[in-house]
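Notes follow once the structure below has been shown.
Number of protein chains: 2
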Amino acid sequence: MIRSAAILGGGVIGAGWAARLIENGVDVTLFDPDSAAERKLSEVLANADRAYAKLTLAARGPKGGHRFAPSVAAACEGADLVVEAVPERLDVKRKVYAEAEAAAPADALFASSTSGILPSDLQAEMARPERLLVAHPFNPVYLLPLVEIVPGARTSPEAVERATALYAWLGMKPLVLRREIEAFVADRLMEALWREALWLVHDDVATTAEIDDAIRFGCGLRWAQMGTFQVFDIAGGEQGMRHFMAQFGPCLKWPWTKLMDTPEMDGALIEKIARQTEEQAAGRSFRELERIRDDNLIAVMQALKVNDWGAGETLAAYEKKLFDQGARKPPEDLSRPIRTMERRVPADWTDYNNHMNEARYLQCFGDATDAFMRIVGADADYIASGLSFFTVETHIRHLGEVKALEPIYAETQLLEGAGKKMRLFHWLRHADGRLLATGEHMLVHVSLETRAACEPAPAVAAKLAEIAALHAALPAPEGAGRAVGQPR
Amino acid sequence: MIRSAAILGGGVIGAGWAARLIENGVDVTLFDPDSAAERKLSEVLANADRAYAKLTLAARGPKGGHRFAPSVAAACEGADLVVEAVPERLDVKRKVYAEAEAAAPADALFASSTSGILPSDLQAEMARPERLLVAHPFNPVYLLPLVEIVPGARTSPEAVERATALYAWLGMKPLVLRREIEAFVADRLMEALWREALWLVHDDVATTAEIDDAIRFGCGLRWAQMGTFQVFDIAGGEQGMRHFMAQFGPCLKWPWTKLMDTPEMDGALIEKIARQTEEQAAGRSFRELERIRDDNLIAVMQALKVNDWGAGETLAAYEKKLFDQGARKPPEDLSRPIRTMERRVPADWTDYNNHMNEARYLQCFGDATDAFMRIVGADADYIASGLSFFTVETHIRHLGEVKALEPIYAETQLLEGAGKKMRLFHWLRHADGRLLATGEHMLVHVSLETRAACEPAPAVAAKLAEIAALHAALPAPEGAGRAVGQPR
Chain Y
15 MIRSAAILGG GVIGAGWAAR LIENGVDVTL FDPDSAAERK LSEVLANADR
65 AYAKLTLAAR GPKGGHRFAP SVAAACEGAD LVVEAVPERL DVKRKVYAEA
115 EAAAPADALF ASSTSGILPS DLQAEMARPE RLLVAHPFNP VYLLPLVEIV
165 PGARTSPEAV ERATALYAWL GMKPLVLRRE IEAFVADRLM EALWREALWL
215 VHDDVATTAE IDDAIRFGCG LRWAQMGTFQ VFDIAGGEQG MRHFMAQFGP
265 CLKWPWTKLM DTPEMDGALI EKIARQTEEQ AAGRSFRELE RIRDDNLIAV
315 MQALKVNDWG AGETLAAYEK KLFDQGARKP PEDLSRPIRT MERRVPADWT
365 DYNNHMNEAR YLQCFGDATD AFMRIVGADA DYIASGLSFF TVETHIRHLG
415 EVKALEPIYA ETQLLEGAGK KMRLFHWLRH ADGRLLATGE HMLVHVSLET
465 RAACEPAPAV AAKLAEIAAL HAALPAPEGA GRAVGQPR
Chain L
15 MIRSAAILGG GVIGAGWAAR LIENGVDVTL FDPDSAAERK LSEVLANADR
65 AYAKLTLAAR GPKGGHRFAP SVAAACEGAD LVVEAVPERL DVKRKVYAEA
115 EAAAPADALF ASSTSGILPS DLQAEMARPE RLLVAHPFNP VYLLPLVEIV
165 PGARTSPEAV ERATALYAWL GMKPLVLRRE IEAFVADRLM EALWREALWL
215 VHDDVATTAE IDDAIRFGCG LRWAQMGTFQ VFDIAGGEQG MRHFMAQFGP
265 CLKWPWTKLM DTPEMDGALI EKIARQTEEQ AAGRSFRELE RIRDDNLIAV
315 MQALKVNDWG AGETLAAYEK KLFDQGARKP PEDLSRPIRT MERRVPADWT
365 DYNNHMNEAR YLQCFGDATD AFMRIVGADA DYIASGLSFF TVETHIRHLG
415 EVKALEPIYA ETQLLEGAGK KMRLFHWLRH ADGRLLATGE HMLVHVSLET
465 RAACEPAPAV AAKLAEIAAL HAALPAPEGA GRAVGQPR
């Protein structure tokens, strides 16, 4: 999609963009005059690395590189994408665009991370304003899918199209706004809630921790998967939204929120809120809290992926892209055991013994079996056509322990592949070569309609026969044919 | 905790309370003059049943019963808890309390579900006002953990204490407010966001679907696990909340939200919103949408449980209570194969073949092994002391398919239990008796410090020997000692 990006500004947002781009194979050049920028970026990249190891089991391509440039112009040379994430001042941003345009390729896309300045104002003094738009992300940028795409009056439809494709490719959910409005959509919603929350703290109705609990044990759980309108539509019962609005519409006129004013952000209020949020942190550092937040976001998105809904659907689409990329690799040498699985051990695969749980060994072998099935042509289309292989018997030797986030892989030898039968032998190894387990599996080819055994389709049978002939020349694996507890 | 509850009002909230109470073994008597109340309740109970089957794998006690009463008084007779969920009119609620107090036991707790009326106003005319408080839940009441507990001026501390214990026992997160305020805390936050969202639709900035996406792909994911303050504290970077407020505080004064007014809820706006939310539903019925929402909420809470955070912590505490209840069962007859596992197949345990994935068979056997370990005394304390059993070899025969939500159980026979070795044979069956799989497992007793084999503690060795002697009299299981692909 793109190969290189300039990132102007290395704060929370700029560093977050850098992490997302690098994790997706884009080379990043960053400019930030802050002397701590390199340290901060390396901390964000470490957290992002940790997060991506958990986010998806799909094999990812090589990461992009990163370097720092001494100026805006130096950062922008040769960049396919210019990401602006400098402070929220129109004059500062316009100055940065002038320097960037002088150095960047004529067709580079310009994306501002502004939270609220109108793109028409941002592009007003640009030489090529048609290529600028707002791409407003949300912290943590490397994990949260939402990005608001806001074109200005002079932005070209082609730039919007390029941006939409680019951010989807980066695993995001681009929301293209049809109308320019200060603060766009998401921040307006957040700010409305935030202002009310400030009043509640100001008036000592509740502490920051209590307000946060009111969110994360209630509406926050709902909003992770449906927005306020769909939630209320369901709450309206059988008559839906019309009933809900008839019932609760009048409350809007009641003094239920402090809608007429904002609290004075004086020193006393700032101190109160800062003190209360420090208490919530309970001594955890900001990077620790980031990791907790990231683990939770990943878990929530993975949970929604199971239901193919909302942010889970976005994650699934991203993974599909990664799997497809992996599938485009040239076919392997089929005369040796075939590499069928490669991943890091997800953190939640470990158990009370602090190592990968025994069931996950079989999950690895199951995934290796699936990959082998794809190699012989028993892929998603084949299964959709009503044919598949079912495992009928399994033997596992657990030979070594492996811990969370360690890299592992599987190799597979076909012991038998004729008629309805397919017998596989998998080795599961640590990336350092250490043997962790072996798995021997008898599969039977079935019709998904009758759930009974049947012959594979000719193409699958032929591919199986081809690999079986090649693997017949390999030595029989040590441990094949064993029963549990049998002497060596 | 309590045995019976009266529920006054069978709308979305009253029926939701009924479902949560019934799922937790409380008998419910409901009064609602609506002729459709029985049908509506049965639909809510069906959705709640479905949800609880997925929510937790812990065995639950018997469900409570339910019946309808012809009057408020008849519903309240003998009730430990009176749940008021009638329309939001102070006069209506006061009238209901008068009738309820005349019939209910003197020590029954009164809990109003009001979204915003002050408890001091609710209790003003009561004979025993000290027992009334607001317990404000959130839809779906049977799943969302948050309940705002708001005492009135005359509510006794003892009533607050009883309510807090009761709702925690029901698996909820009681948030006790220290100050009475109209609409309490959570609804004020939701209403502030909702008002802003209404303006965005009114002004055609965005559709309801776009606004919902701005929530569920962004801030909603964050708010499922941390509230607005902790999120912004982290967004502040190294200097935390103080930096965040210095940077974004001024925006509050900018025209970023429509803070000065609410839109006129006229027919045109109501129609526009109703039409747009209908489009979002894409032809799904309201009960279908409820099930999608419930599946997502369950998945999110279960995901957070893995991280022991927020709503996941609440779910874990609820499950621990259920497990503890189950653990109080008298020990089983050890001379026969021992029932070691019982559950429904979680929906996300199924794969592209639309049946329980092969790895989950080993998870079932692993859980059965864990249960057997607890029976011989190798429990959590034993493991914390540095000793455990590791599985070294496994043989599985997959003999039958099982689908999502079907009930299954495991029984276990000890084939060998002496010295460092423990060899187990598990049968996995459908509740209808159908054999789904067998598992044979060799385990070795280990020191968690050296990760090497060692002798079990004397008590564990003795219990193992006792069961080994009893099980030696049982016939050898069919399939024990098999290797993969071996002829029968």
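Those protein sequences? They're chains Y and L, same order as listed. Here the first sequence is numbered in this note's numbering, starting from 15 and rising by one per residue. Here the second sequence is numbered in this note's numbering, starting from 15 and rising by one per residue. Virtual Cβ for every residue (Gly too), placed ideally from N, Cα, C.
query                                                                                                                                        : result
Residue-chain proximity (asparagine 38 of chain Y, chain L), Cβ-Cβ < 7 Å                                                                     : no
Chain-order list of residues whose beta-carbon lies under 8 Å from that of leucine 457 of chain Y (same chain, five-residue window excluded) : Thr383, Phe403, Phe404, Thr405, Val406, Lys435, Met436, Arg437 and Leu438
Interface partners of leucine 462 of chain L on chain Y, CB under 9 Å                                                                        : Asn367 and Asn368
Beta-carbon gap between alanine 467 of chain Y and valine 474 of chain Y smaller than 7 Å                                                    : no
Alpha carbon of alanine 20 of chain Y to alpha carbon of valine 96 of chain Y, nearest angstrom                                              : 5 Å
Spatial neighbours of leucine 132 of chain L in its chain, beta-carbon cut-off 6 Å, leaving aside the 5 residues before and after            : Glu194
Proximal residues of chain L, C-beta to C-beta of serine 56 of chain Y below 8 Å                                                             : Per Cβ cutoff of 8 Å: no residues; serine 56 of chain Y is ~14 Å from chain L at best.
Distance, glutamate 139 of chain L Cα to aspartate 105 of chain L Cα                                                                         : 11 Å
Pairwise C-alpha distance: alanine 65 of chain L and leucine 59 of chain L                                                                   : 10 Å
Cβ distance (whole Å) where glycine 24 of chain Y is taken to contact leucine 69 of chain Y below 8 Å                                        : About 23 Å separates the two Cβ atoms, so there is no contact after all.
Tryptophan 441 of chain L, enclosing beta strand (DSSP E) - first and last residue                                                           : 435 to 444
Exposure label - glutamate 205 of chain L; buried when at least 16 CB within 10 Å                                                            : buried
Paired residues, beta bridge with leucine 457 of chain Y - DSSP                                                                              : Y:Thr405 and Y:Met436
Proximal chain Y residues relative to lysine 187 of chain L, where beta-carbon distance stays under 8 Å                                      : Asp227 and Phe231
Phenylalanine 45 of chain Y vs alanine 93 of chain Y beta-carbon contact at 7 Å                                                              : no
Cβ-based contacts, 8 Å cut-off: residues of the region 138 to 168 of chain Y near chain C                                                    : The question asks about chain C, but that chain is absent: this structure's protein chains are Y and L.
Extent of the continuous alpha helix (DSSP H) to which lysine 77 of chain L belongs                                                          : Taken as a continuous stretch (DSSP letters only), lysine 77 of chain L belongs to no alpha helix (DSSP H), as it is neither H nor E.
Contact belief for leucine 158 of chain L with leucine 235 of chain Y at Cβ below 8 Å, rounded distance in angstroms                         : 6 Å
Alpha helix (DSSP H) runs wholly inside the region 274 to 358 of chain L, at least 4 long, in chain order                                    : 281 to 295, 300 to 320 and 325 to 341
Contact list for the region 195 to 217 of chain Y against chain L, Cβ threshold 9 Å                                                          : Ile195, Glu196, Ala197, Phe198, Val199, Ala200, Asp201, Arg202, Leu203, Met204, Glu205, Ala206, Leu207, Trp208, Arg209, Glu210, Ala211, Leu212, Trp213, Leu214, Val215 and Asp217
Lysine 220 of chain Y at chain L interface by Cβ criterion, 7 Å                                                                              : The sequence shown places alanine at residue 220 of chain Y, rather than the lysine named in the question. Alanine 220 of chain Y counts as touching chain L.
Rounded straight-line distance, which links the Cα of glycine 324 of chain Y to that of methionine 315 of chain L                            : 16 Å
Whole-number beta carbon distance between histidine 455 of chain L and valine 416 of chain L, since they are thought to touch under 8 Å      : No, valine 416 of chain L and histidine 455 of chain L are not in contact; Cβ-Cβ is about 20 Å, not under 8 Å.
Residue-level contact to chain L via CB, glutamine 377 of chain Y, 7 Å cutoff                                                                : yes
Alpha-carbon spacing of alanine 87 of chain L relative to glutamate 115 of chain L, whole angstroms                                          : 8 Å
Per-residue contacts from glutamine 427 of chain L into chain Y (C-beta, under 9 Å)                                                          : Chain Y residues near glutamine 427 of chain L: none, gap ~13 Å exceeds 9 Å.
Interface residues of chain L facing threonine 405 of chain Y [CB-CB closer than 8 Å]                                                        : Glu372 and His412
Neighbourhood of alanine 445 of chain L by C-beta distance below 6 Å, restricted to the same chain and skipping five residues each side      : Pro421
Which listed residue (Y:Leu488, Y:Met387, Y:Asp218 and Y:Ala173) has its alpha carbon closest to that of alanine 471 of chain Y              : Y:Met387
Beta-carbon contacts of proline 501 of chain Y that lie in its chain and below 6 Å, excluding the five residues immediately before and after : none
Inter-residue CB distance, glutamate 469 of chain L and glycine 433 of chain L (contact presumed, cutoff 8 Å)                                : 7 Å
Reference glycine 4 of chain Y; option with closest CA among Y:Ile410, Y:Gln239 and Y:Phe379                                                 : What is shown of chain Y runs 15 to 502, which leaves residue 4 of chain Y out entirely.
Buried or exposed (CB count within 10 angstroms, at least 16 for buried), glycine 185 of chain Y                                             : buried
7 Å Cβ cutoff met for glutamine 294 of chain Y and alanine 223 of chain Y                                                                    : yes
Length of the line joining the Cα atoms of glycine 166 of chain Y and threonine 221 of chain Y                                               : 40 Å
Supposed contact pair glutamate 102 of chain Y and serine 129 of chain Y - C-beta distance, whole angstroms, cut 8 Å                         : 7 Å
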